[in-house]
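Below is one structure, written out as structure tokens; comments come after it.
Number of protein chains: 2
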Amino acid sequence: MNTVRGARERARIEVTAAIKDEARRRLAAEGAAKLSLRAVARELGMVSSALYRYFPSRDELLTALIIDAYDSLGAAAEEADARALAAGAAPRDRWIAACEAVRAWALEHPHEYALVYGSPVPGYSAPADTIGPASRVGNVLIGIVRAAYEGRGLALPPLPSALGPEAARMTADFAEGLPPAVVAALVAAWAQLAGLVSFELFGQFNRVVEERSAFFTHAAGQLAHGVGLPAV
Amino acid sequence: MNTVRGARERARIEVTAAIKDEARRRLAAEGAAKLSLRAVARELGMVSSALYRYFPSRDELLTALIIDAYDSLGAAAEEADARALAAGAAPRDRWIAACEAVRAWALEHPHEYALVYGSPVPGYSAPADTIGPASRVGNVLIGIVRAAYEGRGLALPPLPSALGPEAARMTADFAEGLPPAVVAALVAAWAQLAGLVSFELFGQFNRVVEERSAFFTHAAGQLAHGVGLPAV
DNA sequence: GCAAAGCAAGAGCAGTGCTCTCGAAAAAGA
DNA sequence: TCTTTTTCGAGAGCACTGCTCTTGCTTTGC
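Chains as they are written, first to last, in our numbering: chain A, 4 to 235; chain B, 4 to 235.
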């Protein structure tokens, strides 16, 4: 099923890719709000109605870009962790490396980051095709913590009883084998990481934090501590 | 300067308020992306060009809504903290109360929250009139930590030396008297709080966290611990 | 009482997302 | 190989957007 049938099918794949590329270019230049199908079509030398053969609506185009962005961000985190692992880094340093990779990717692709972690029109529920790519960053973090845990265990204060069942469910769902308290801390740390990156990217740190890079590294270390990663 | 001069000035104030109210209504109903000046004008029985006498552009209208949202959110946090304080709550419980007030406000006004803490078109720098209202929530958090510090001091691990000058500058800028390590942790916690709320609001916790409320309270407690607030 | 300023209305421009129809080209079936 | 079906690009068109400019009317300040 991997073979491309005919010239038509091949052309379709190429045109679809060209549309996404051009859309990504315009996204990087002007942001999601000003991304217009007509402008993309114009730049590609086609008429706007022709574009609807490839994407049924502007939102569908954006969804495609979102999936690609999740994948790109996830890959960046995975690669950074793999590099740290190959260099023999301790779990805490792998964690920080992964966090810094997320931040670096976000700074390089601010509008794409905003697309995935900014405000996706509250109330909007992401289509199912996004949930796989969306979890890649989370999985990297889980993997790091799991490696640390399997090495020598992790010391974390016990969960309040109100959260016991919920943490157990989360553990069963996507982090089997880890202590529930660690999983709960992990999910929170994931959200907090995004908060740090978003604040820097969206200007909330203007006039507040100047040494962004050093500050972020320190905060990432705090997050590592929060999920129980030992300082050494 | 508080007296309203004539009927014209009074009318101007009323119309301006009516425009903002209607815009807020449409914002809550459909989100910022679909907020249209023409629709607001239509609903108010005026023609779209008339609206430009009150707001020079759509972005200016949104900026006005942003300022109001910051103020409303800040007031909610301040009130929650004042209530907790009046009830004799310990700093940690005041902290959690303030965090929960932020979350509750966000859940009640999702689109307005998205307007201020979502993606404000990266690269856009907030106009100066927003920085006052924007810092109200931060000031609440600072006040709580300050009360705890002045009571009995706070134990926090020392800062890495790379962050010393930056933390000292932040301390001098908006949290005079607190230990720099606490101020750095405070700023990070503020961003992390927003990350937690944003993730819940923007659907990132779909299929991940179910018991949102209990989870948030637990995470807020972790944040309190991170800034050094004692558990008792 | 009168000139100046403030205001609403309307027309108009350039742009948008999206739909529909039509003719040409490619693919599939006979 | 010839015919039918599917796929595609182009163009016109609809309803909408932000925004500007001009035209009169009303309120204000002198």
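Virtual Cβ for every residue (Gly too), placed ideally from N, Cα, C.
Within the region 154-174 of chain A, contact with chain B at the beta-carbon level (separation under 9 Å) is assigned to Pro160, Leu162, Pro163, Ala165, Leu166, Pro168, Glu169, Ala170, Arg172, Met173.
Close partners of Leu199 (chain A) in chain B (Cβ separation under 8 Å): Ala191, Ala194, Gln195, Gly198. Here Thr19 (chain B) is not near Ile69 (chain B), since their CB atoms are 8 Å or more apart. Following the DSSP letters along the chain, one finds Arg13 (chain A) inside the alpha helix (DSSP H) bounded by residues 10-33. Taking Ala100 (chain A) as the centre and dropping the five residues before and after it, the same chain places the C-beta of Ala83, Ala87 closer than 6 Å to its C-beta, in chain order. When rounded, the separation of the alpha-carbon atoms in Arg11 (chain B) and Glu46 (chain B) is 22 Å. Residue burial is scored here from C-beta neighbours: Ile16 (chain B) has fewer than 16 other C-beta atoms within 10 angstroms and is therefore classed as exposed. The beta-carbon of Phe205 (chain B) is placed less than 8 Å from the nearest beta-carbon of chain A.
Counting along the chain, the unbroken alpha helix (DSSP H) around Asn142 (chain A) starts and ends at 139-155. Taking C-beta atoms as the reference points, Trp193 (chain B) and Ile147 (chain B) fail to come closer than 8 Å. Put simply, the region 197-212 of chain B touches the region 181-201 of chain A. At least three CB pairs are less than 8 Å apart. Counting only the Cα atoms, Thr174 (chain B) lies some 22 Å from Ala80 (chain B). One thing to note: Val185 (chain A) has its Cβ no nearer than 8 Å to the Cβ of Val140 (chain A).
The straight-line gap separating the alpha-carbon atoms of Pro130 (chain B) and Leu65 (chain B) is approximately 12 Å. Judged by pairs of C-beta atoms under 8 Å, the region 152-166 of chain B does not touch the region 104-121 of chain B, as fewer than three such pairs exist. For Phe205 (chain B), the closest of A:Ala223, A:Leu118, A:Ala187 by C-alpha to C-alpha distance is A:Leu118.
Taking 8 Å as the CB threshold, Arg210 (chain A) lines the interface with chain B. In the structure shown, Glu103 (chain B) falls within a helical segment according to DSSP collapsed to helix, strand and coil. Non-local C-beta neighbours of Leu166 (chain A) in its own chain, meaning closer than 7 Å and more than five positions away in sequence, comprise Ala187, ordered along the chain. The continuous alpha helix (DSSP H) containing Gly167 (chain A) extends over residues 167-177.
Going by C-alpha positions, Val230 (chain A) is about 7 Å away from Leu159 (chain A).
Excluding sequence positions up to five before and after Gln207 (chain B), its CB lies within less than 8 Å of the CB of Ser201, all in the same chain and listed in chain order.
With distances taken between CA atoms, Arg95 (chain B) lies nearest to B:Leu144 out of B:Trp108, B:Pro123, B:Leu144. Restricting attention to A:Pro161, A:Tyr73, A:Ala14, the CA atom closest to the CA of Tyr57 (chain A) is found in A:Ala14. Excluding its 5 nearest sequence neighbours in each direction, Glu25 (chain B) has C-beta neighbours in its own chain below 8 Å: Val43, Glu46, Leu47, listed in chain order. Distance from the CA of Gln225 (chain A) to the CA of Ile22 (chain B), rounded to the nearest whole angstrom, comes to 45 Å. For Ser75 (chain B), the uninterrupted alpha helix (DSSP H) segment begins and ends at 61-89. Residue contact with chain B for Ser122 (chain A): present (Cβ-Cβ distance below 8 Å to some residue of chain B). Straight-line spacing of the CA atoms in Val235 (chain A) and Glu169 (chain B) works out to 25 Å. With distances taken between CA atoms, Ala67 (chain A) lies nearest to A:Pro136 out of A:Gly91, A:Ala78, A:Pro136. For Ala194 (chain B), the uninterrupted alpha helix (DSSP H) run begins and ends at 183-204, by DSSP. For Ala117 (chain B), the enclosing alpha helix (DSSP H) begins and ends at 113-120.
The alpha carbon of Ala36 (chain A) has as its nearest neighbour, out of A:Arg61, A:Asp74, A:Leu54, the alpha carbon of A:Arg61. Of all residues in the region 208-233 of chain A, the ones placed with a Cβ closer than 7 Å to any Cβ belonging to chain B are Asn209, Arg210, Val211, Val212, Glu213, Glu214, Ala217, Phe218, His221, Ala222, Gln225, Gly229, in chain order. Boundaries for Arg56 (chain A): no alpha helix (DSSP H) harbours it, and the DSSP string shows neither H nor E there.
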